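Written below as structure tokens is the structure these notes are about.
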Amino acid sequence: DSLVAELQSLVRRRGHTNDPTEEIGTCMRRFQSLMSEFVKEVEAIPTAVSCGANNSKGRTKQRTRHYEMVAQDLLSQGKRRTASFQEALEKRGEVLKEQAQRRKILSTGASESATTAAFSSALANDNGVVNT
Numbered sequence: 174d175s176l177v178a179e180l181q182s183l184v185r186r187r188g189h190t191n192d193p194t195e196e197i198g199t200c201m202r203r204f205q206s207l208m209s210e211f212v213k214e215v216e217a218i219p220t221a222v223s224c225g226a227n228n229s230k231g232r233t234k235q236r237t238r239h240y241e242m243v244a245q246d247l248l249s250q251g252k253r254r255t256a257s258f259q260e261a262l263e264k265r266g267e268v269l270k271e272q273a274q275r276r277k278i279l280s281t282g283a284s285e286s287a288t289t290a291a292f293s294s295a296l297a298n299d300n301g302v303v304n305t
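Mapped onto the numbering used here, the consecutive letters of the sequence shown carry residue numbers 174 to 305.
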């Protein structure tokens with residue numbers, strides 16, 4: 174949960190000076206590592222329980238089924254966290270698209286104003302007006 178919260182705060186950051194790309198990459202690698210370890214541990218639960226089960230058949234089946242359900246619940250929680258993590262990454266994609274659009278608009282606006290200024294300057298020089 175803390176990694177998902179950290180990622181959600183990182184993906185909203187915008188700007189050139191506080192670009193969180195490296196931190197997001199680190200967070201992603203940690204999340205993937207922890208989730209793969211989590212899945213291995215959860216998948217091992219039913220096997221570990223059945224190996225260490227009591228001799229009583231009824232109690233063994235009930236106990237095994239219980240831990241299978243616990244494992245399924247833990248896996249579904251892991252899937253929800255993974256989905257939250259994925260949503261945060263999608264938000265980052267949206268933020269990057271918005272930044273690219275802003276840059277494009279600003280760079281187009283800047284070049285248009287520079288062109289307009291150069292054109293005005295050229296007209297002023299042709300009319301005999303000296304720019305100082």
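Cβ coordinates follow ideal geometry from the N, Cα and C atoms, glycine included. Being a predicted model, the structure only gives us computed values, none of them experimental.
Roughly how many whole angstroms lie between the Cα atoms of residue i and residue j?
i, j, result
"V212", "I197", "22 Å"
"E195", "T233", "49 Å"
"V243", "Q259", "24 Å"
"A202", "L180", "What sits at residue 202 in the sequence shown is Arg, not Ala. Going by the C-alpha atoms only, they are around 12 Å apart."
"P219", "S206", "22 Å"
"Y240", "P193", "40 Å"
"R236", "V222", "8 Å"
"R276", "A261", "23 Å"
"V268", "T190", "15 Å"
"R253", "A273", "30 Å"
"Q245", "T281", "54 Å"
Cα-Cα, which of the options is closest to residue i?
i, options, result
"V177", "V215, M208, Q235, E241", "M208"
"C200", "R238, L279, T255, L269", "T255"
"S175", "V222, F204, H239", "F204"
"A217", "E263, A261, L248, Q274", "L248"
"E214", "G251, K270, L262, R276", "G251"
"L183", "R265, E271, K270, A273", "R265"
Report buried or exposed for residue i, applying the criterion of at least 16 other Cβ atoms within 10 angstroms of its Cβ.
i, result
"N304", "For N304, the pLDDT reaches just 48, beneath the cut-off of 50, and the residue's location in the model is therefore unreliable, leaving the point undetermined."
"L279", "exposed"
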